[in-house]
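What follows is a set of notes on a single structure, which appears directly below.
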Amino acid sequence: MSGTSIQRAVLDFSPGTRDNGNKENNVPTLRLIQFSKAPFLTFGTVKLGTSKSAVLQVENPTDDAEAEVTVEKIPAGKGFSVDHRTFTIQPQGSFSLTVTWTPAEEGGIRELIIFNANGVLKHQVVLLGRAEKLHSDRLAKIQRCYRRCKTQKTEKENRAAKVIQAVFKKWYNDKLSERTAAAIRIQSWYKMQKCLNQYRKIKMSTVFIQAQYRGHAQRRCFQMKRLQLHSALVIQRAFRGRAVRKQVANMKRATVIIQRWFRACVERDVRRQTFVQMRCAAITLQATYRGKVARKSLKRQHDAATVIQAAFRKYAAQKQYLLLRKAASVVQQKCRATILARKTKKDYVALRNAAITIQANWRGRYRSKKAAALVIQRHYRAFVYGAETRRVYLHVREACVTVQAGFRGMRVRKELKKRNTAATIIQSSVRMFLCRKQYFLLQSSAIIIQSRYRAFIACKTQQNEYRALKKAAITIQAAHRGFRVRDGLKKRHNAARAIQAQFRMHRMRMVYLAMCLSAVIIQRYYRSCVLQRQERENFLKARHSAVVLQAAFRGHCVRSSITKMHKAVTVIQANYKRYKQQSAFRRQRWAACVLQQRFRAQRRRNVELQHYQEVRQAVITLQAAVRGMKSRKITKERYHAASVVQRAYRAYSERKQYLILKSSVLTIQRKYRATRRQYLEDRRKVIKAQRSAKRWLSHRHKAASVIQQAIRKFLLLRRQRRVQQGITRAQALWRGHCSRRLNDNLKVVKLRHRLREVSADVREEDKLCNKTSSALNYLLQYKQFSYILEALKNLETATRLSPECCERLVESGATNVIFTLIRCCNRSVPCMEVITFSIQILLNLSKYHKTTEAVYSVENSVETLLDLLQRYREKAGDKVAEKGGSIFTKACFLLALLLQDKHRAVEVMKLPKVLDRIHSIYRLTARKHKMDAERTVVKQKMNLSINGSFFVQATPLGFNTLSLVSRFVPDWVLTKDKLKDIVDPLRAIKMVANTLSIVL
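Each residue of the sequence shown is one higher than the last, beginning at 1 in full-length UniProt numbering.
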């Protein structure tokens, strides 16, 4: 504890050191407080394949809380690692964290390590370093040889120095330190003067070069500004004139539109008032007519209801009458049957005897008659069953008749059975049997006749009722249908009026919206022009400011680096002097502290000893007076105790003094060793810096020599080239002069003058290469429609006239952008212009054999072209259709050029529905071509009737597609057999089909 307190005392008395700029020699420290500055952990230069570690000191300045620190983020991908991910720091404590860097790639690096303290505060540490590649084996071998030779030489020098030191050390030790110090001061002063002279030379050269460069840059900037000012004035004059003319035209157009709108509004109000009056009159007439029709319809419905009620009452009365008549018929039949039965019984009694007589003769015929009766019964039962079914089918009334007939039949059969049994038992006579047979036949005939008559009457009644109901239903249906038709007609009239009103309103609204949209578009365009001019001015100002700031910043960086070098030398010298003075001061301070502690301890010991002796003397005196006999014993015991205490105190004091001396010695040793280590490190860095400076000077000298040699060679070649160009130009001028002297005329002279005027007005941006660059820049960066259209126009001209521009466009990747533009466009006129220029650019690229594959290799290129064929297949006639036809023909021609290769054609044939799409497009194109041909013939016949001339259209001849496609060459190829592009849609789609070997 005493050693720690002494160290703290020493640190408290040490003077504050100056915060120099060279913090590389100090240990970086991270203080865990808010708003602490991020320390820089520098690794210096590290070879690839090796590792280097650096120590980071993390301090906890708080007095009452521990700090739990976690490494939250470390750039492990760059080769950085730490030995502890999580650690705890006591209050007023610190922790040394080792950061290791193993570089994986060459170059400088600047990364961050993020620490999280107690999960709340986040701190950063900046990592700086540079990785360099290892030298080759040969260089390493040379270095090893050089180091071995240097080591041997150093060992020889060391042995010689040891011998010299052994001889002279006896008498040279006293003056060695002074001579060493003087030599170091002389060396430092000499090196300082040398560096100062070199720095002054470099500074003068730099200032001279900077002055020359700034003067040149200023002159060039002034010339450029003058040219820009002149160009800006010309552009401004042209633009202002165009803007004024456009504004006047817009105002005139707006005035005409407003007048048209006002006249249309007046006309609309007049027509609307007339329409309202007519509508009111029509509504009045319609209401009157509808009331009349409704009353008439209601009267018809009342009449029909009366007829239906009368028919129903008639039917009910008739049904009641038939029931009564039927009951009367049944009563009459019963009465007649009773009378006939009595008469028959009398006849039976009379004939019984005769029957018994002839019974023997009748039995032979009995069985045959019985069979006949059974047949009659079967037929009768079948008739009854059929009548019953018919009666069930006709109505309930007929069912009742059928039930009664069945009951009567059952009763007749039962009676016949009884009579047969009685005839069999009592042997009835033939007469009685024949009479009964005749009776039953008459009865059945009467019943059949009655049932038939009743059925006929009922059928006739039902037919009359049905006709009446049918007539009433037809009347009701006709009235209802008429009402429904009139109601539907009324609704259709109302709907037609509403549709007409909505259509007129929609048409006027569309006209008004078109006028508003035109005004908005004009305003947007004007505002965009104004905003573009402002943005251009702001950009020029910003660019000028950026150039000025960059020049100032670069000058500041150069001056700062020179100032840092100067400060570094000054700091090294000051640190060394400070170290010498601080070392002497620390030794003196340590000696003074040791003397003070020894003096204070001795004085304290004397005071304590004197106090103890006084107390002891008083105690002894009191004991001698009070205790008497025991005083000697107590004195002896206390004396013994005092001796023990003294021995212990002396031992404690000696041990404490020993520990203090030991800690002081260890502190001095550590300080000395650290100082020695720091001195060796500083010496190594200074030597390394000197070597780097020498190497850099040598490299700069070599580079200057190489640059001078290259400049001389370049100037010589340029001089030779200029001489050669001058000779060639002189020869060309002479040949031109001879040619003009032989073939000159007035037309050629005028043409030559115009060419000279055009050549004089040609600007640098009018070249194809510059146009291509600007167009590619607009196409790849801008999104405004006008810029894209202008870029496509320039690219179409460049690809049509230059193969280099075609290759450059393909290398820039603009083909993908062009296909994307085609897919994003709709059927509006501006989009059709964009598609036309895009297809023409792709055609120019496809005609050039080096860029054909680039057009085909774009994803979904063939499908995009097929979509274009289906979208723009209209017939010619209006403006949009003409553009659509041009797009259709060019797309067909482009497909034919792309599919010349058989492999490409096979790949396209494998795509789904390609054959169906081409067949449908061909059929539609052929039909429209036929209609156009017929229309042309009709027009020519009409011209014949008017002008008396008629020309029949020539029939298109067949052609070979492969030979025809192979003769299409780029426009910059000027041959006689060169073919023009195809403009006939039918011929174009036939070319595509023949290229794919499709049979149409």
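Where a beta carbon is used, it is the ideal one built from N, C-alpha and C, also for glycine.
All values derive from a computational prediction rather than experimental measurement.
Would you say residue i touches the ligand COA, meaning its beta carbon is less than 7 Å from a heavy atom?
i, result
"L746", "Absence of the ligand COA is noted for the structure shown, with no ligands found whatsoever."
Quick check: what's the CA-CA separation for residue i versus residue j?
i, j, result
"L434", "T344", "11 Å"
"S94", "W171", "49 Å"
"V403", "E388", "7 Å"
"D932", "I822", "29 Å"
"L99", "A54", "The question names Leu, but residue 99 in the sequence shown is Val. One C-alpha to the other measures close to 5 Å."
"F893", "K902", "17 Å"
"S545", "R220", "17 Å"
"S759", "E859", "43 Å"
"Q332", "F440", "16 Å"
"Q462", "V392", "15 Å"
"N173", "A161", "14 Å"
"S861", "V511", "40 Å"
"V706", "C557", "27 Å"
"V992", "T797", "26 Å"
"V256", "F503", "25 Å"
"residue 1009", "R603", "Absent from the model: residue 1009. The displayed extent of the chain is 1 to 1000, so no value can be given."
"R719", "G736", "25 Å"
"R616", "R647", "17 Å"
"R271", "A501", "12 Å"
"S528", "S786", "12 Å"
"T621", "R650", "27 Å"
"L30", "K122", "11 Å"
"A642", "L661", "28 Å"
"V748", "R741", "12 Å"
Check residue i in the structure and name its three-state DSSP category.
i, result
"N60", "strand"
"A131", "strand"
"F43", "strand"
"K299", "helix"
"W171", "helix"
"residue 1054", "As displayed, the chain neither begins before 1 nor continues past 1000, which places residue 1054 out of reach and without an answer."
"F80", "strand"
"I426", "helix"
"G93", "strand"
"A65", "coil"
"F87", "strand"
"K73", "strand"
"V571", "helix"
"K630", "helix"
"K37", "coil"
"I998", "coil"
"T100", "strand"
At what residues does the alpha helix (DSSP H) containing residue i begin and finish?
i, result
"A905", "902-909"
"V992", "985-995"
"R752", "746-761"
"V810", "803-811"
"R823", "814-824"
"E863", "861-871"
"T852", "852-856"
Look up residue i in the DSSP assignment and give the residues it is bridged to.
i, result
"G108", "R130"
"Q124", "I114"
"L30", "V58"
"S53", "T100"
If I'm right that residue i touches residue j with Cβ under 8 Å, what's the distance once you round it to whole angstroms?
i, j, result
"V126", "A38", "5 Å"
"R130", "G108", "5 Å"
"V938", "L996", "With 8 Å as the limit, V938 and L996 do not qualify as a contact, their Cβ atoms being about 35 Å apart."
"V412", "S451", "Not a contact, Cβ separation roughly 15 Å."
"P103", "L56", "Contact doesn't hold; Cβ gap of about 18 Å is too wide."
Taking the beta strand (DSSP E) that residue i falls in, what are its first and last residues?
i, result
"V834", "Looking at the DSSP string, V834 is not in any beta strand (DSSP E); the run it does join, the alpha helix (DSSP H), is 829-847."
"L768", "That residue, L768, is in no beta strand (DSSP E); its alpha helix (DSSP H) goes 768-781."
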